[in-house]
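Colleague:
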C-alpha cells in the first residue's frame, strides 16, 4: 500500500512575528510542502517539495510534525468518559502548561489508557488544525498525524539521538533531539544543557544526523555519525504506532470516505492472503454447488426410471 508522508514545517514562534512585523505571519502555511512517497511504507520512492494541489496521490497520507513542535508529559491518565477526557487532561496538566488549553491539542500515546500512567503529547492546536484543513481541502485526507520523536516504549530500549538543522543556513548551531524512556528533549548544541542530558557511559544510543548537520554532529560527539536524510527520518516516523489525530481533531470516516478507506485497505498488499483465501473459498463453494446439482439430477433420473 503506497504512503504519502508530508512534513509540516516548524511552527513560527513569537520571534518570527516580531521580526516580520506581521501578526498573521505565524499562521501562514507553506507555499510548498515537503513530502516523501513510498510504495511499501519502508523505502523512499520520491521525495521533494510541491505545491499543495500537486502533491502525489497515495493510498494513505501521514502528516509528520516538526521535531520541537510536540511536548511529552507523563502523568496518570484521569478516569473520564471519552467525551470528557480531553477536558480532564487539560485540568490535570493546567499547572504544567505555558499556554491556554484552548490553544493546545492533547493526544494519548500508544498504550495510554484512563486509570493508568502514560504519556500525553501536547502540540499547538491552531497550527495543526490549519494544516489538516488545508490538506483535506486539497483532497489529501490525512489518516494519521505522528510526531518526529516520542519517548521509548521500554526502559531497556536504546536511546535515540538525532542531529538536524531547523532552517537553511543554521548549520553552525544544529539541534539535537534525544529520545529516551524518560521523555524527549530537543535542544541546540550551543551551551552545556544538551551535553548534560547525554546518556551515561555504556548506555546504548542510536545516533543519526542529517547531511547538513553531519560535520557539527561529529565534532560535538567526537565520533562518526550515520547519515539519515530528512525524507528517511520522516518515513521512519510514519512507521510508528502513534496517531495524534484524537479528540476534536480525530479523522471522521463516514459515508464515501469510509467505503474508500475500506476498499484501499482490502486491496492492499497486507490483505493479499485474505483475498486469495476468499477466492479459494468461492471456487470451492462453486464446485460444491455443481456437485450437489449433479447428485440431484442423478437422483431425479433414478426416480423417473423406477416410476416407469
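Numbering (the working numbering), first residue to last: 949 to 1256. Think of the CB as a built atom: it goes at the ideal place given N, C-alpha and C, for glycine as much as any other residue.
Would you grab the beta carbon distance between residue 1145 and residue 1133 for me? Rounded to a whole angstrom, and I think it's under 8 Å.
Modeller: The residue given as residue 1145 occupies position 197 in the chain shown. The residue given as residue 1133 occupies position 185 in the chain shown. Confirmed, about 6 Å.
Colleague: Could you compute how far the alpha carbon of residue 1166 sits from the alpha carbon of residue 1107?
Modeller: Working through the chain shown from its first residue, we reach residue 1166 at position 218. Working through the chain shown from its first residue, we reach residue 1107 at position 159. Cα to Cα, residue 1166 sits roughly 18 Å from residue 1107.
Colleague: Please go through the same chain and pick out, in chain order, the residues whose beta-carbon is closer than 6 Å to the beta-carbon of residue 988, but skip the five residues on each side of it.
Modeller: Taking the chain shown and counting its residues from 1, the one referred to as residue 988 is at position 40. For residue 988, where only same-chain residues beyond five positions count, there are no Cβ hits under 6 Å.
Colleague: Quick check: the stretch 1222-1235 against the stretch 1077-1088, are there 3 or more CB pairs under 8 Å?
Modeller: The answer is no - the stretch 1077-1088 does not touch the stretch 1222-1235, with fewer than three Cβ pairs under 8 Å.
Colleague: Return helix, strand or coil for residue 1188, following the three-state DSSP convention.
Modeller: Taking the first residue of the chain shown as 1, we reach residue 1188 at position 240. Residue state, collapsed to three classes: coil.
Colleague: Quick one: Cα of residue 1051 to Cα of residue 1020, how far?
Modeller: As a working mapping, residue 1051 is identified with position 103 in the chain shown. As a working mapping, residue 1020 is identified with position 72 in the chain shown. Answer to the nearest angstrom: the Cα atoms are 16 Å apart.
Colleague: Between the stretch 1068-1077 and the stretch 1184-1199, are three or more C-beta pairs nearer than 8 Å?
Modeller: The answer is yes - the stretch 1184-1199 touches the stretch 1068-1077, with three or more Cβ pairs under 8 Å.
Colleague: Can you grab the Cα-Cα spacing for the pair residue 1131 / residue 1139, in whole Å?
Modeller: For the purposes of this step, residue 1131 is taken as the residue at position 183 of the chain shown. For the purposes of this step, residue 1139 is taken as the residue at position 191 of the chain shown. About 20 Å.
Colleague: Tell me whether residue 1081, by its Cβ, gets closer than 7 Å to a heavy atom of the ligand FAD.
Modeller: The ligand FAD is not part of the structure shown, which contains no ligands of any sort.
Colleague: Under three-state DSSP, which class holds residue 1236?
Modeller: The count along the chain shown starts at 1 and reaches residue 1236 at position 288. Correct three-state label for residue 1236: helix.
Colleague: DSSP state of residue 1241, grouped into three classes?
Modeller: Position 293 of the chain shown, counted from the first residue, corresponds to residue 1241. Correct three-state label for residue 1241: helix.
Colleague: Over what stretch of residues does the alpha helix (DSSP H) that includes residue 1074 continue unbroken?
Modeller: To locate residue 1074, count along the chain shown from 1; it is residue 126. From DSSP, the alpha helix (DSSP H) with residue 1074 extends over 1073-1085.
Colleague: How would you call residue 991, buried or exposed, if buried means at least 16 neighbouring beta carbons within 10 angstroms?
Modeller: Translated into positions along the chain shown, residue 991 becomes position 43. That one is exposed.
Colleague: Note down the Cα distance separating residue 1292 from residue 1237, rounded to an integer number of angstroms.
Modeller: Nothing in the structure corresponds to residue 1292, since the chain is present only between 949 and 1256.
Colleague: If you run the structure through DSSP and keep just helix, strand and coil, what is residue 1257?
Modeller: Since the displayed the chain opens at 949 and closes at 1256, residue 1257 lies outside it and no answer follows.
Colleague: Run the CB neighbour count on residue 973, radius 10 Å, all protein chains shown included, and call it buried at 16 or more, exposed below.
Modeller: By 1-based counting over the chain shown, the position of residue 973 is 25. Caution is warranted here: a pLDDT of 41 is assigned to residue 973, below 50, making its placement in the model unreliable, and the coordinate value is therefore given only provisionally. Answer is exposed; the Cβ neighbour count stays below 16.
Colleague: If you pair each beta-carbon of the stretch 1015-1034 with each one of the stretch 1152-1160, do three or more pairs fall below 8 Å?
Modeller: Because the criterion of three Cβ pairs below 8 Å is not met, the stretch 1015-1034 and the stretch 1152-1160 do not touch.
Colleague: In chain order, what residues of the same chain have a beta carbon less than 7 Å from the beta carbon of residue 1179, not counting five sequence neighbours either side?
Modeller: In the chain shown, the residue the question calls residue 1179 occupies position 231. Once the five neighbours on either side are set aside, the close Cβ partners of residue 1179 are 984, 992, 995.
Colleague: Provide the residue(s) that pair with residue 1181 in DSSP beta bridges, ordered along the chain.
Modeller: As a first step, residue 1181 must be located in the chain shown, where it is residue number 233. None; residue 1181 has no bridge partner.
Colleague: What's the call for residue 1172, buried or exposed, on a 16-neighbour Cβ count within 10 Å?
Modeller: Position 224 of the chain shown holds residue 1172. The residue is exposed, with fewer than 16 neighbouring Cβ atoms inside 10 Å.
Colleague: In the DSSP output, which residue or residues are listed as bridge partners for residue 1065?
Modeller: By 1-based counting over the chain shown, the position of residue 1065 is 117. Answer is 1024, bridged to residue 1065.
Colleague: Rounded to a whole number of angstroms, what is the C-alpha to C-alpha distance between residue 981 and residue 1184?
Modeller: The residue given as residue 981 occupies position 33 in the chain shown. The residue given as residue 1184 occupies position 236 in the chain shown. Spanning the two alpha carbons is a distance of roughly 18 Å.
Colleague: Please return the same chain residues whose Cβ sits closer than 8 Å to the Cβ of residue 1162, not counting the five positions on each side in sequence.
Modeller: Along the chain shown, one-based indexing puts residue 1162 at 214. 1111, 1173, 1175, listed in sequence order.
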